[in-house]
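Numbering (this note's numbering), first residue to last: 18 to 114. The next block holds one structure in the form of C-alpha coordinates; read it before the comments.
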Amino acid sequence: MEITLTMKVVVAAQACLLILDLGVAYFDGWVEVILYPGAFRINHSQIDAISLVHNEAIILNGESWLHGSVILSWDDVKRDTFTFSGWPQCRIALIRT
(Lines of atoms letter the chains of each structure in order from A; the text may use other names.)
(Lines give C-alpha, C1' and ligand atoms only; values in the text may rest on other atoms or scores of the structure.)
Protein backbone atom coordinates (compact mmCIF):
# COMPACT_ATOMS: atom_id res chain seq x y z
CA MET A 18 0.00 0.00 0.00
CA GLU A 19 1.35 3.39 -0.93
CA ILE A 20 0.99 5.98 1.85
CA THR A 21 -0.57 9.10 0.32
CA LEU A 22 -0.42 12.69 1.50
CA THR A 23 -4.09 12.45 2.53
CA MET A 24 -3.32 9.50 4.78
CA LYS A 25 -0.43 11.34 6.40
CA VAL A 26 -2.51 14.47 6.98
CA VAL A 27 -5.46 12.56 8.45
CA VAL A 28 -3.31 10.60 10.92
CA ALA A 29 -1.29 13.72 11.84
CA ALA A 30 -4.46 15.76 12.39
CA GLN A 31 -5.87 13.14 14.73
CA ALA A 32 -2.56 13.04 16.60
CA CYS A 33 -2.81 16.82 17.00
CA LEU A 34 -6.22 16.39 18.63
CA LEU A 35 -4.62 14.06 21.16
CA ILE A 36 -1.92 16.66 21.84
CA LEU A 37 -4.64 19.22 22.63
CA ASP A 38 -6.05 16.84 25.26
CA LEU A 39 -2.92 15.19 26.63
CA GLY A 40 -0.07 17.59 25.88
CA VAL A 41 2.92 17.12 23.61
CA ALA A 42 4.91 15.23 26.29
CA TYR A 43 2.50 12.31 25.83
CA PHE A 44 4.24 11.59 22.52
CA ASP A 45 7.79 11.51 23.96
CA GLY A 46 9.53 8.36 22.83
CA TRP A 47 7.02 7.39 20.15
CA VAL A 48 8.96 6.19 17.15
CA GLU A 49 6.62 5.52 14.26
CA VAL A 50 3.12 5.06 12.94
CA ILE A 51 2.56 1.89 10.92
CA LEU A 52 -0.46 2.05 8.63
CA TYR A 53 -1.98 -1.19 7.32
CA PRO A 54 -4.63 -1.20 4.57
CA GLY A 55 -7.15 -2.97 6.83
CA ALA A 56 -7.54 -4.98 10.00
CA PHE A 57 -4.62 -7.26 10.79
CA ARG A 58 -4.06 -10.49 12.65
CA ILE A 59 -1.60 -11.01 15.49
CA ASN A 60 -0.68 -14.20 17.32
CA HIS A 61 -0.83 -13.69 21.05
CA SER A 62 0.46 -15.98 23.81
CA GLN A 63 -0.74 -15.67 27.38
CA ILE A 64 0.16 -17.65 30.49
CA ASP A 65 -2.74 -18.35 32.84
CA ALA A 66 -2.78 -18.74 36.63
CA ILE A 67 -1.65 -22.38 36.48
CA SER A 68 1.15 -21.65 33.99
CA LEU A 69 -0.59 -23.01 30.89
CA VAL A 70 0.29 -21.14 27.71
CA HIS A 71 -2.67 -20.16 25.55
CA ASN A 72 -2.02 -19.17 21.92
CA GLU A 73 -4.67 -17.32 19.99
CA ALA A 74 -4.98 -15.26 16.82
CA ILE A 75 -6.61 -11.87 17.30
CA ILE A 76 -7.92 -9.54 14.58
CA LEU A 77 -7.12 -5.90 15.43
CA ASN A 78 -7.81 -2.54 13.83
CA GLY A 79 -5.14 -0.78 15.87
CA GLU A 80 -2.50 -1.33 18.48
CA SER A 81 0.07 0.76 20.30
CA TRP A 82 3.08 0.06 22.40
CA LEU A 83 4.04 2.33 25.26
CA HIS A 84 6.62 4.76 23.88
CA GLY A 85 7.06 2.75 20.70
CA SER A 86 5.03 2.15 17.59
CA VAL A 87 1.41 2.87 16.78
CA ILE A 88 -0.21 0.49 14.29
CA LEU A 89 -3.44 1.57 12.59
CA SER A 90 -5.82 0.11 10.02
CA TRP A 91 -6.34 2.74 7.30
CA ASP A 92 -9.85 1.36 6.57
CA ASP A 93 -10.83 2.08 10.18
CA VAL A 94 -9.07 5.45 10.38
CA LYS A 95 -10.74 6.51 7.12
CA ARG A 96 -14.17 5.31 8.25
CA ASP A 97 -13.86 7.04 11.61
CA THR A 98 -12.54 10.27 10.08
CA PHE A 99 -14.88 10.72 7.15
CA THR A 100 -18.05 9.26 8.72
CA PHE A 101 -19.42 11.25 11.64
CA SER A 102 -20.51 8.89 14.39
CA GLY A 103 -20.84 11.38 17.23
CA TRP A 104 -18.58 9.23 19.41
CA PRO A 105 -14.97 10.49 19.26
CA GLN A 106 -13.88 7.86 21.80
CA CYS A 107 -14.61 5.24 19.10
CA ARG A 108 -12.24 6.79 16.59
CA ILE A 109 -9.38 4.34 16.17
CA ALA A 110 -6.59 6.94 16.00
CA LEU A 111 -7.91 8.85 19.02
CA ILE A 112 -8.31 6.03 21.51
CA ARG A 113 -6.19 6.44 24.60
CA THR A 114 -5.83 4.44 27.78
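Glycine included, every Cβ here is placed at the ideal spot set by N, Cα and C.
CA nearest to the CA of residue i, picked from the options
| i | options | result |
| --- | --- | --- |
| Tyr43 | Ala32, Ala56, Thr21, Thr98 | Ala32 |
| Ala74 | Leu34, Asp97, Ile59, Asp38 | Ile59 |
| Ser81 | Gly40, Val41, Glu49 | Glu49 |
Reduced DSSP secondary structure (H/G/I, E/B, other) of residue i
| i | result |
| --- | --- |
| Leu83 | coil |
| Ala29 | helix |
| Leu69 | coil |
| Val48 | coil |
| Ile36 | helix |
| Ser74 | The identity of residue 74 in the sequence shown is Ala, whereas the question assumes Ser. Strand. |
With 16 other Cβ atoms within 10 Å as the buried cut-off, status of residue i
| i | result |
| --- | --- |
| Asp93 | buried |
| Leu89 | buried |
| Asp65 | exposed |
| Val27 | buried |
8 Å CB neighbourhood of residue i in its chain, flanking five on each side removed
| i | result |
| --- | --- |
| Trp91 | Met18, Met24, Leu52, Tyr53, Pro54, Gly55 |
| Ile20 | Leu52 |
Cβ shell of residue i (< 7 Å), same chain only, five flanking positions each side left out
| i | result |
| --- | --- |
| Phe99 | none |
| Leu69 | none |
Does the segment 75-90 come close enough to the segment 41-57 to have 3 or more Cβ pairs within less than 8 Å? When Cβ pairs closer than 8 Å are counted between the two stretches, the segment 75-90 is seen to touch the segment 41-57, the count reaching three or more.
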